[in-house]
């Protein structure tokens, strides 16, 4: 997720608890991504509607994470 911000994400991870909310969003996004991939490979059984719901949730998390990253980048002059 947001590979172009990899350095900032690493910086946020190293900064500790001040970024706990971002890290929860980041981890939840990755969990959803893994679940969607498994469902699309038929490793787990989900309906098309369930997959679509997961994709929408994942996109909302990505949007929120992006907003946090942009704000963090600006605040820390990165």
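Residue numbers (our numbering): 15 to 92.
Where is the CB? At the ideal position from N, CA and C, for every residue including glycine.
Give me the residue from 84, 47, 89 with the minimum Cα distance to residue 19. Translated into the one-based positions of the chain shown, residue 19 becomes position 5. Closest option to residue 19, Cα to Cα, is 84.
Taking all protein chains shown into account, do 16 or more other C-beta atoms lie within 10 angstroms of the C-beta of residue 79, making it buried, or fewer, making it exposed? Counting from one through the chain shown, the residue named residue 79 turns up at place 65. Around the beta carbon of residue 79, 16 or more other beta carbons sit within 10 angstroms, so the residue counts as buried.
Measure how close the beta-carbons of residue 76 and residue 43 come, nearest whole angstrom, since I'm counting them as under 8 Å. Taking the chain shown and counting its residues from 1, one reaches residue 76 at position 62. Taking the chain shown and counting its residues from 1, one reaches residue 43 at position 29. Between residue 76 and residue 43 the beta-carbon gap is near 6 Å, inside 8 Å, which marks them as a contact.
Between the beta-carbon of residue 86 and the beta-carbon of residue 22, is there less than 9 Å? Translated into the one-based positions of the chain shown, residue 86 becomes position 72. Translated into the one-based positions of the chain shown, residue 22 becomes position 8. Taking 9 Å as the Cβ cut-off, residue 86 and residue 22 qualify as a contacting pair.
I'd like the list of long-range same chain contacts for residue 71, defined as Cβ closer than 7 Å, with 5 residues on each side in sequence excluded. Residue 71 sits at position 57 when you count from the first residue of the chain shown. Only 46 meet the Cβ criterion.
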